[in-house]
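To keep things clear, I will list the structure first and then write my remarks on it.
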Amino acid sequence: MAVATSTEVVDLRNRGRGSRPPGERSLVASPGTWFVWAGIAVFFVFLAGIVVSVLVDSFAKQWFTTWLPEEWTVGWYAQAWDRFDLTHVIGVTLLVAFSVVALSVLIGLPASYVLARTRFPGKQLVLLLFLLPILIPPITYGIPLATVMYNFGLGRTILAVVLVNLVPSVPFVIITMTPFIEQINPSIESAARMSGARTVQVFTRILAPLLVPGILAAGILVLVRTVGMFELTFLVSGPQSDTLVVAIYRAMTSAGGGEARQLISSMGVVYTAMMLVILVIALRFINPTQLVARVKDTGDD
Amino acid sequence: MSTVATPARSSAGLRHRLAERGISGRLWLLAPAVVFAVALFIYPFAYGFGLTVQPLPATVEKFGGGIFANYLAFFRDPFVFDTVWITMRLALPAALFNVAVSIPIAFKLRARFRGKRTLQTLLVLPITLGTVLTAQGLLIFAGRQGWLNRFLIDVGLIDEPLQLVNNYLGVFFSLVISGFPFAYLLISSYLSGIDPSIEAAAKTLGAGWFQRFRRITLPLLAPGLATTFVLTFVLAFSVFPSARLVGDPSDETRVLALMAYRAFAEQLDYSMASTIAILMGAVELAVVAIVFLGRSFLYRGSTGGKG
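Protein chains in written order, with UniProt numbering: chain A, 1 to 301; chain B, 1 to 307.
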């Protein structure tokens with residue numbers, strides 16, 4: 001405590017000079033801190049190594065036994081774009097992702113409203129029904145689901161890809177949105193109802209504006225998840241309905257030793273760039289480390 | 001708000017009495033989600049379960065057992081059954097490692113310091129990489145000719161390039177890179193839910209950092225740790241693309257998901273594929289149940305802080 005107070009005093013004195021805000025101080029170098037920093041550093045070295053080596057590879061003409069490629073080129077991007085029809089693939093990816101976001105919010109939001117506001121017989125059962133798809137590995141329900149899709153003649157269609165991706169997304173929206181709605185004071189709604197608002201009006205005029213941050217957060221997370229979802233999409237997609245991750249995987253494992261490594265690297269860079277854009281937009285709206293704490297309250301009991 | 005109304009005295013209509021128990025028109029709002037869950041989750045599951053008791057003639061011939069041939073095949077065929085251990089050997093250490101490493105990092109990063117938000121963003125960023133790109137990066141970076149081996153040789157730590165990919169290690173790295181940010185994100189958000197004044201109170205009473213951690217923070221964090229472990233374990237247990245790409249899919253990293261996919265797409269044996277998938281879910285749920293049971297022995301109070 002004493003340390004904190006003295007820093008605050010210092011900070012108060014320094015305030016005029018525009019230094020750190022009160023209560024904020026640089027990390028103190030204790031052994032534990034060094035250990036943590038070393039761990040983070042190793043993690044970042046690996047991460048940077050992975051990202052940079054893919055990036056370098058995507059521009060490399062010949063890169064075998066040297067630190068850096070002997071020659072550079074931008075040709076791989078054009079080649080990959082033509083060869084894998086990336087315009088189509090990215091179009092499919094975005095179409096699937098946005099449809100999943102819109103549908104899962106439309107289906108999930110009313111349900112999370114009921115779960116937040118009412119107690120009814122069988123509520124635990126309904127909660128379990130929505131928790132299971134999150135707790136069970138995607139492959140476990142993906143394979144029976146894919147079998148059903150193929151039997152219905154939906155296999156390899158974009159509709160099938162959207163439907164399988166909804167399975168984890170709808171529960172995800174419900175689980176994230178329920179605590180959000182719980183935080184809204186019900187007396188606001190009661191007042192609106194007293195003034196004669198119908199349920200639809202309560203939704204559009206009262207709840208929707210208050211819920212916009214929550215919907216955005218949930219929607220963006222669903223978007224990131226769907227763009228990155230490999231397992232489920234892979235089980236039901238075909239040449240015309242592959243998303244970008246699946247297209248990259250297929251290129252990496254295609255018969256005959258796979259495609260040229262650089263082609264795959266350049267597709268990987270395109271993928272990461274796309275994800276980065278989404279995530280940067282997302283981080284403008286949500287604070288990542290406080291998002292999940294809200295889930296905790298509904299997680300148990 | 002006693003839900004059991006007294007019907008004898010109540011003059012209200014049926015509708016009102018039902019509403020008192022929580023059954024009202026509002027519940028219709030649940031309908032789309034429930035219909036969706038039944039159609040896309042429960043029905044396929046039931047269907048898949050039905051498939052498991054309709055084994056292919058070839059399976060019956062090989063393993064016998066009539067309608068249970070698929071299950072017999074799963075438990076008797078070492079090629080299939082060993083994958084349970086292979087998957088566990090990969091998923092448990094990876095999930096434990098991710099949780100264990102996240103705790104000190106989340107603790108240190110709880111303090112306020114300059115550049116905290118940037119650091120947090122950087123830690124969470126690998127989520128955008130995706131397993132396929134991580135695999136490609138690991139193959140290039142940690143491969144025999146990669147920068148990592150090159151650096152270690154140049155420094156003189158090793159003479160021969162280390163085998164870091166296309167084996168167990170490669171998949172483990174990939175699980176850490178995709179799982180750690182997730183674990184860190186969850187744990188630090190649980191940590192932010194613990195009221196710091198509780199720890200401050202212990203500090204005034206003279207508790208050292210270890211005592212505070214063991215007696216206060218850890219019990220309060222335990223439910224969050226259990227949940228984080230379970231979710232990272234689910235991620236690691238269902239590892240699939242990286243097991244194929246940076247692993248050794250025919251031996252060391254022949255995981256359950258890979259076997260299920262093979263039966264599904266390569267052998268077109270939907271009944272065996274469903275059997276593996278469903279038993280995979282059962283094994284995974286058993287681990288989840290053990291974790292949550294263990295958690296309930298550790299601490300049964302409110303999770304404190306938020307209230």
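Glycine is no exception: its CB is placed at the ideal position from the N, C-alpha and C atoms.
Bear in mind that the values here come from a model prediction, so they are computed numbers and not experimental data.
Establish whether the CB of residue i and some CB of chain B are separated by less than 7 Å.
i	result
GLU231 of chain A	yes
PRO133 of chain A	yes
SER120 of chain A	It is Phe, not Ser, that sits at residue 120 of chain A in the sequence shown. Judged by the 7 Å Cβ criterion, PHE120 of chain A is in contact with chain B.
THR176 of chain A	no
MET194 of chain A	no
ILE158 of chain A	no
LEU55 of chain A	no
THR272 of chain A	yes
VAL170 of chain A	yes
THR33 of chain A	yes
VAL161 of chain A	no
THR73 of chain A	no
TYR77 of chain A	no
GLY228 of chain A	yes
ILE143 of chain A	yes
GLY214 of chain A	no
ILE50 of chain A	yes
ILE248 of chain A	yes
VAL42 of chain A	no
residue 330 of chain A	Lying before the first or after the last residue shown, residue 330 of chain A is absent from chain A, which here runs from 1 to 301.
GLY153 of chain A	no
Going by the DSSP bridge assignment, what does residue i pair with across the sheet?
i	result
ALA60 of chain A	A:TRP72
Residues of chain C with CB closer than 8 Å to the CB of residue i, please, in chain order.
i	result
MET280 of chain B	As a matter of chain content, chain C is missing from the structure shown, whose protein chains are A and B.
Just mark residue i as buried or exposed, buried being the case when its beta carbon has 16 or more other beta carbons within 10 Å.
i	result
ALA201 of chain B	exposed
PHE187 of chain B	Looking at the sequence shown, residue 187 of chain B is not Phe but Ile. Label assigned to ILE187 of chain B: buried.
GLY294 of chain B	exposed
ASN70 of chain B	buried
MET267 of chain A	buried
THR204 of chain A	exposed
GLY214 of chain A	buried
ARG114 of chain B	exposed
VAL292 of chain A	Reliability of the predicted coordinates at VAL292 of chain A is poor, the pLDDT of 44 falling under 50, and the value obtained from them is presented with this limitation in mind. With 16 or more other Cβ atoms within 10 Å, it is buried.
PRO179 of chain A	buried
ASP154 of chain B	exposed
ASP31 of chain A	The sequence shown places Pro at residue 31 of chain A, rather than the Asp named in the question. It is exposed - the Cβ of PRO31 of chain A has fewer than 16 other Cβ atoms within 10 Å.
PRO57 of chain B	exposed
THR87 of chain A	exposed
PHE151 of chain B	exposed
With a threshold of 7 Å between beta-carbons, can residue i be considered close to chain A, or not?
i	result
GLN136 of chain B	yes
ALA5 of chain B	Any answer about ALA5 of chain B is weak, because its pLDDT of 47 lies below 50 and its placement is not dependable; what the coordinates show is given next. No - not a single Cβ of chain A is within 7 Å of the one on ALA5 of chain B.
residue 380 of chain B	One cannot answer for residue 380 of chain B here, as it falls past the ends of chain B, which runs 1 to 307.
SER2 of chain B	In this prediction, SER2 of chain B has a pLDDT of 45, which is less than 50 and means its spatial position is unreliable; what the coordinates show is noted afterwards. For SER2 of chain B, the answer is no, since every Cβ of chain A falls outside 7 Å of its Cβ.
GLY304 of chain B	Note that GLY304 of chain B has pLDDT 45, beneath the 50 cutoff, so the model's placement of it is unreliable and the number below is only indicative. So no, GLY304 of chain B is outside the interface.
VAL84 of chain B	no
ALA226 of chain B	no
PHE172 of chain B	no
LEU92 of chain B	no
PRO181 of chain B	no
SER296 of chain B	no
ARG15 of chain B	no
THR59 of chain B	no
SER242 of chain B	no
ALA277 of chain B	yes
GLY130 of chain B	yes
ALA289 of chain B	no
### Task
Closer than 8 Å, Cβ to Cβ, to anything on chain B: give me those residues from the segment 97-114 of chain A, in chain order.
LEU106, ILE107, GLY108, PRO110, ALA111, TYR113 and VAL114
### the segment 251-259 of chain B touching the segment 83-103 of chain B, judged by at least three CB pairs closer than 8 Å
yes
### Message
Whether or not the segment 176-192 of chain B and the segment 221-237 of chain B are in contact is what I'm after, with contact meaning three or more pairs of Cβ atoms, one per stretch, closer than 8 Å; do they touch?
### Response
yes
### Message
With three or more beta-carbon pairs closer than 8 Å as the criterion, would you say the segment 76-85 of chain A touches the segment 163-175 of chain A?
### Response
no
### Query
Should the segment 105-116 of chain A be called in touch with the segment 175-190 of chain A, which here means at least 3 C-beta pairs below 8 Å?
yes
### Message
Can you confirm whether the segment 220-227 of chain A touches the segment 147-160 of chain A when touching is taken to mean that 3 or more C-beta pairs between the two stretches lie within less than 8 Å?
### Response
no
### Message
With a threshold of 8 Å, are at least 3 pairs of Cβ atoms found where one atom belongs to the segment 127-147 of chain A and the other to the segment 265-282 of chain B?
### Response
yes
#### Entry: chain A contacts made by the segment 208-221 of chain B, where a contact means CB separation under 7 Å
none
### Query
Which residues, in chain order, does the segment 101-112 of chain B contribute to contact with chain A at a C-beta distance below 7 Å?
VAL101, PRO104, ILE105, LYS108, ALA111 and ARG112
### Message
Residues of the segment 177-201 of chain B in Cβ contact with chain A at a cutoff of 8 Å, in chain order, please.
### Response
ILE177, PHE180, LEU185, LEU186, SER188, SER189, TYR190, SER192, GLY193 and ALA200
#### Entry: Selection of the segment 62-78 of chain B by Cβ proximity to chain A, strictly under 8 Å
none
### Query
Do the segment 196-213 of chain B and the segment 57-66 of chain B meet, that is, are 3 or more Cβ pairs less than 8 Å apart?
no
### Query
Hey, is the segment 241-255 of chain A in contact with the segment 52-66 of chain A, meaning 3+ C-beta pairs nearer than 8 Å?
no
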